[in-house]
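Peer 1: One structure coming up, written as structure tokens, with questions to follow.
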Amino acid sequence: MKSVLLVVVAAIVSSCSAFSIQPSARTAVSTRSNIATPAVRDLSRRLHNGDADYEEALQPRRHLNRRSALSIFTLLPLSIITSSSPLPAKAESGKGKVVVLGGAGWVGAHVSANLNQQGYQVVSISRSTAEVQTKRTKSILGTAIPGVEYVSLDAGSASIEDLASPMKDTLAVISCVGIAPGSPNQKDGNGLVNSRIAKAAKLAGVPKFVYIGVASSLANGPAKFLLGDYFKGKAEAEKSVAQEFGEKSLIVKPAIVAGGTPGEIRPPGPPGMKPVDVEAVAKAVVAGALGELKGEIDGNDAIVAIAS
Numbered sequence: 002m003k004s005v006l007l008v009v010v011a012a013i014v015s016s017c018s019a020f021s022i023q024p025s026a027r028t029a030v031s032t033r034s035n036i037a038t039p040a041v042r043d044l045s046r047r048l049h050n051g052d053a054d055y056e057e058a059l060q061p062r063r064h065l066n067r068r069s070a071l072s073i074f075t076l077l078p079l080s081i082i083t084s085s086s087p088l089p090a091k092a093e094s095g096k097g098k099v100v101v102l103g104g105a106g107w108v109g110a111h112v113s114a115n116l117n118q119q120g121y122q123v124v125s126i127s128r129s130t131a132e133v134q135t136k137r138t139k140s141i142l143g144t145a146i147p148g149v150e151y152v153s154l155d156a157g158s159a160s161i162e163d164l165a166s167p168m169k170d171t172l173a174v175i176s177c178v179g180i181a182p183g184s185p186n187q188k189d190g191n192g193l194v195n196s197r198i199a200k201a202a203k204l205a206g207v208p209k210f211v212y213i214g215v216a217s218s219l220a221n222g223p224a225k226f227l228l229g230d231y232f233k234g235k236a237e238a239e240k241s242v243a244q245e246f247g248e249k250s251l252i253v254k255p256a257i258v259a260g261g262t263p264g265e266i267r268p269p270g271p272p273g274m275k276p277v278d279v280e281a282v283a284k285a286v287v288a289g290a291l292g293e294l295k296g297e298i299d300g301n302d303a304i305v306a307i308a309s
């Protein structure tokens with residue numbers, strides 16, 4: 002049973018969203034993070050020794066970082082873009098602007114590229130510098146995305162007003178923000194931070210909001226006994242988005258997201274659980290941002306059906 006749970010833990014981390022933020026000093030660290038067994042804590046330590054998955058992995062910098070999380074949890078070499086030629090610049094100011102928090106992460110970079118190809122102006126917000134975000138995007142896509150504006154802003158500590166400022170006059174805000182399970186602040190890193198992002202978007206008058214949550218099949222499965230705070234944080238974020246935006250929101254809830262940057266290898270996910278292509282997730286997310294979808298898309302099968 003323990004081995005199955007550990008596989009589920011690995012799979013969940015692979016489905017985390019593509020961004021991370023340093024929590025504010027006021028962010029409470031959940032005492033329930035001790036729920037992880039020594040084996041799980043050891044797994045987390047072994048998996049997070051590089052440069053955190055979603056660029057800045059929402060947990061304190063001394064714990065997790067982007068490269069390590071993705072490098073361990075890359076399930077299969079699916080959907081890896083290796084083109085060395087730049088993507089054509091297609092953004093047209095007339096189509097409008099979309100803000101992507103975590104727009105230089107694994108899922109976020111694909112979302113940004115999709116929007117750019119359709120002619121929308123993209124603003125990526127991350128605590129990383131513009132230079133780091135650009136390099137990270139190139140490592141994921143194999144090329145930069147011309148025309149994307151990279152903004153350095155820590156959504157975990159910035160004031161709601163400062164966070165809302167770059168969101169003004171946008172068509173939609175997309176949050177790819179997430180923290181890997183098993184970290185000390187897994188509840189607030191997923192819940193509180195995304196709640197702040199939703200409040201900031203509401204303050205800025207954003208008409209549509211898209212959030213990447215986690216599939217109910219995982220949240221209600223065996224992993225909940227080990228990672229209860231992680232799922233509570235995700236649930237808190239989903240509730241906040243629904244409260245702030247109601248029918249003007251879309252929550253995309255993948256289980257395992259396939260793929261990773263070139264050269265990364267990930268162990269298999271839970272038995273019988275097929276990973277979803279990152280491009281399918283990006284398509285569903287973008288459809289929500291453009292007002293074509295709303296409500297929830299729960300699970301990989303549902304995401305694939307929408308993207309087909």
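Under the working numbering, think of the first position of the sequence shown as 2, with each following residue one higher. Ideal Cβ positions, reconstructed from N, Cα and C, are used throughout, including at glycine.
(1) Determine the burial state of residue 298: buried for a count of at least 16 other Cβ atoms within 10 Å of its Cβ, exposed for fewer.
(2) Quick one: grab the DSSP three-state call for residue 231.
(3) Is residue 309 helix, strand or coil by DSSP?
(4) With distances taken from CA atoms, which of 210, 138, 120 and 260 is nearest residue 95?
(5) Out of 181, 209, 282 and 250, which one is the CA nearest neighbour of residue 320?
(6) In its own chain, which residues sit with a C-beta less than 7 angstroms from the C-beta of residue 1, not counting the 5 before and 5 after it?
(7) Between the segment 100-117 and the segment 284-292, can you find at least three pairs of beta-carbon atoms closer than 8 angstroms?
(8) Does the structure place the segment 200-220 close enough to the segment 167-174 that three or more beta carbon pairs sit under 8 angstroms?
(9) Where does residue 257 fall in DSSP's three states?
(10) Measure the alpha-carbon distance for residue 318 versus residue 194 and round it to whole angstroms.
(11) Quick one: which unbroken alpha helix (DSSP H) runs of 4-plus residues sit fully inside the segment 110-196? Chain order, please.
(12) Around the C-beta of residue 130, are 16 or more other C-beta atoms found within 10 angstroms, so that it is buried, or is it exposed?
(13) Provide the residue span of the beta strand (DSSP E) that contains residue 297, from first to last.
(14) I need the DSSP call for residue 251, collapsed to helix, strand or coil.
(15) For the candidate residues 248, 306 and 108, whose alpha-carbon lies nearest to that of residue 292?
(16) Cα separation between residue 215 and residue 147?
(17) Let's test the definition: count the other Cβ atoms within 10 Å of the Cβ of residue 294 and tell me whether it reaches 16, buried, or not, exposed.
(18) Hey, is residue 256 close to the ligand ZN, as in C-beta under 6 angstroms from one of its heavy atoms?
(19) Pull up the distance between the alpha-carbon of residue 143 and that of residue 137, whole angstroms please.
(20) Over the uninterrupted alpha helix (DSSP H) stretch that includes residue 219, give me the two end residues.
(21) Specify, as a first and last residue, the run of the alpha helix (DSSP H) that residue 284 falls within.
Peer 2: In terms of the structure at hand:
(1) Sixteen is the threshold: when 16 or more other Cβ atoms of the shown chains lie within 10 Å of the Cβ of residue 298, as they do, the residue is buried.
(2) helix
(3) In the three-state reduction of the DSSP assignment, residue 309 falls in the coil class, being assigned neither a helical nor a strand state.
(4) 120
(5) Any question about residue 320 goes unanswered here, given that the chain covers just 2 to 309.
(6) Within the shown structure, residues of the chain are numbered from 2 to 309, placing residue 1 beyond reach of any answer.
(7) yes
(8) yes
(9) coil
(10) Since the displayed the chain opens at 2 and closes at 309, residue 318 lies outside it and no answer follows.
(11) Runs of the alpha helix (DSSP H) inside the segment 110-196: 131-142, 161-165 and 187-191.
(12) By the Cβ neighbour-count rule, residue 130 is exposed, with fewer than 16 other Cβ atoms within 10 Å of its own.
(13) 296-299
(14) strand
(15) 248
(16) 30 angstroms
(17) buried
(18) Ligands are entirely absent from the displayed structure, and the ligand ZN is therefore not among its contents.
(19) 9 angstroms
(20) Counting along the chain, the unbroken alpha helix (DSSP H) around residue 219 starts and ends at 217-220.
(21) 279-290
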